[in-house]
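Notes follow the structure.
Protein chains: 2
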Amino acid sequence: MASISRGSAPDPRLLFADLVRCETRLYNALNERLRERHGIVTSQYEFLRHLREHPGCRVADLAAEFAIGIGATSKGIDRLERHGWVARQPNPADRRSSLLVLTDDGVRMVDAAERTFTERVTELIEGALDRTRAAAVAEALALLRTALERDQIGMPTG
Amino acid sequence: MASISRGSAPDPRLLFADLVRCETRLYNALNERLRERHGIVTSQYEFLRHLREHPGCRVADLAAEFAIGIGATSKGIDRLERHGWVARQPNPADRRSSLLVLTDDGVRMVDAAERTFTERVTELIEGALDRTRAAAVAEALALLRTALERDQIGMPTG
DNA sequence: GTGATATAGATGCCACGGCATATACTGTAG
DNA sequence: CTACAGTATATGCCGTGGCATCTATATCAC
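Printed below as a string of structure tokens:
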């Protein structure tokens, strides 16, 4: 085995290609399962989950978290609000923005969806990677994510 | 250090969340650079690159490779064809399908875009991960991708 | 306070993907 | 040859995201 500093660097292009393909297929597979059981897709589950963990956050906070545009986030919240899962509450500290919270129905939905999500993602990942490799990839992706967020890489305009 | 079989399994939910966030930001950052220098986005670069490596492949082959729908793939090829980078040639063995090839302009475009893409993705990945971790994540994602493809996970309908 | 600038987010237009369907062709059974 | 099931992909409708823009509000300089 090569020591830490002597391994040849892997081709970042291949790493990126595999990253995108894994993400696409996992996302598609999770969408399928969440849609058939709960009528939502993964991006909606992720919004609901973030609102459960960060009640009172604003549209801009969600947009920054998911690295998507503010407009898209606002529209996504519109849809969740129409379903009765999210409410916009007036922000006493700044009347330009709203504080986003889950309704009781929203809490029930995210809790139910989480069971489905957890079961399926566990099956997909653990079916393909042993613990050592899963731990290695989890650590590396967490580092990469932190670096990208620190440097504000890949934030859309709007 | 724990031995191979004794490490506790990382939470696949966190692994997935980090995977998606990394993919989103890397994709956005690469889109930005490719758009400003060449007027294309990453998905188009990936189509062109696959066609360069697999001349004469069909629409369905591209769709399977990228785990996207056949319709979307057909429309993506329409756009590349309108730009004059791809040509549909009649398939002598099956007149329902076409053989897709790059034009000379397409070859020039993909070669130029590849320099930009390689430079940027290298900077993004190597700026955040040391060789050991990059190699570990590359190996694990390649395995995961192979498993997902083998089991036909996450293929859209159309 | 008043005006200039900045910020939060809602909205409109456009591009793109999913899915259902339509069209054209292939292969097979008789 | 004919009918029919299967396949390849092109197309239409719809939902969603990006980006530009608009409005309301906040903040700052004076």
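Respectively, the protein sequence lines represent chains A and B.
Residues 1 to 158 (UniProt numbering) are what the first sequence spells out, left to right.
Residues 1 to 158 (UniProt numbering) are what the second sequence spells out, left to right.
Where is the CB? At the ideal position from N, CA and C, for every residue including glycine.
The structure displayed is predicted, hence computed values, not measured ones.
Identity of the residue in B:GLU23, B:CYS57 and B:LEU51 nearest ARG108 of chain B by Cα = B:LEU51
inquiry  = For ASN31 of chain A, which residues in the same chain have their Cβ closer than 8 Å to its Cβ, ignoring the five residues on either side in sequence?
reply    = VAL41 and THR42
message = I believe ALA87 of chain B touches VAL110 of chain B by the beta-carbon criterion, under 8 Å. Please report the beta-carbon distance rounded to the nearest angstrom.
response = About 14 Å; that fails the 8 Å criterion.
Amino acids of chain A, ordered along the chain, whose beta-carbon sits closer than 8 Å to that of CYS57 of chain B = None at all; the shortest Cβ gap to chain A is about 16 Å.
request  = At 7 Å on the CB atoms, spell out the chain A contacts of LEU48 of chain B, in chain order.
outcome  = In chain order: nothing, as chain A lies at least about 14 Å away.
task = Classify ARG96 of chain A as helix, strand or coil using the three-state DSSP reduction.
result = coil
ask   = Starting from ARG88 of chain A and walking both ways along the alpha helix (DSSP H), at which residues does that stretch end?
value = Element bounds for ARG88 of chain A: not the alpha helix (DSSP H) but the beta strand (DSSP E), 86-90.
request  = Return the Cβ separation of ARG25 of chain A and ILE153 of chain B in integer angstroms, given the expectation that the two are a contact with Cβ distance under 8 Å.
outcome  = 5 Å
ask   = Mind pulling the chain B residues with CB within less than 8 Å of ASN91 of chain A?
value = Those do not exist, as ASN91 of chain A stays about 26 Å from chain B at its closest Cβ, beyond 8 Å.
message = How far does the alpha helix (DSSP H) with MET109 of chain B in it extend, from its first residue to its last?
response = 104-126
task = Answer yes or no: do residue 170 of chain B and ASP18 of chain A have a C-beta to C-beta separation smaller than 8 Å?
result = The structure shown does not extend to residue 170 of chain B, since chain B spans only 1 to 158, so no value can be given for it.
ask   = Closest Cβ-Cβ distance between TYR45 of chain B and chain A: below 8 Å?
value = no
ask   = How would you label LEU14 of chain B, buried or exposed, when you count the other beta carbons within 10 angstroms and need 16 or more for buried?
value = exposed
ask   = Under the rule that 16 or more other beta-carbon atoms within 10 Å means buried, what is PRO12 of chain A, buried or exposed?
value = buried
ask   = How is VAL41 of chain A classed by DSSP in three states: helix, strand or coil?
value = coil
request  = List the endpoints of the continuous alpha helix (DSSP H) containing ASP78 of chain A.
outcome  = 70-82
query = Grouping DSSP H, G and I as helix and E and B as strand, with all else coil, what is LEU144 of chain A?
reply = helix
inquiry  = With the cut-off set at 8 Å, would you say ARG133 of chain B and LEU143 of chain A are in Cβ contact?
reply    = yes
query = Who are the Cβ neighbours of ARG35 of chain A in its own chain at under 7 Å, not counting the five residues just before and after it?
reply = VAL41
key: Buried or exposed by the 16-neighbour rule on C-beta atoms within 10 Å, applied to ARG145 of chain B   = buried
task = With a 10 Å radius around its C-beta and 16 neighbouring C-beta atoms as the bar for buried, classify GLN44 of chain B as buried or exposed.
result = buried
ask   = Does any residue of chain A bring its CB to less than 8 Å from the CB of ARG110 of chain B?
value = For the record, residue 110 of chain B in the displayed sequence is Val; it is not Arg. Chain A, which has no Cβ nearer than 8 Å to the Cβ of VAL110 of chain B, makes this no.
task = Mind reading off the beta-carbon distance from HIS38 of chain B to THR116 of chain B? Whole number of angstroms is fine, and I expect it under 8 Å.
result = 7 Å
query = ARG58 of chain A and SER8 of chain A: beta carbons closer than 8 Å?
reply = no
task = Would you mind giving the Cβ-Cβ distance between LEU62 of chain B and TRP85 of chain B, rounded to the nearest angstrom? I have them listed as a contact below 8 Å.
result = Not quite, the Cβ-Cβ distance comes to about 14 Å (not below 8 Å), so this is no contact.
request  = For the alpha helix (DSSP H) containing residue 159 of chain A, list its first residue and its last residue.
outcome  = Nothing can be reported for residue 159 of chain A: it is not among the residues displayed for chain A, which extend from 1 to 158.
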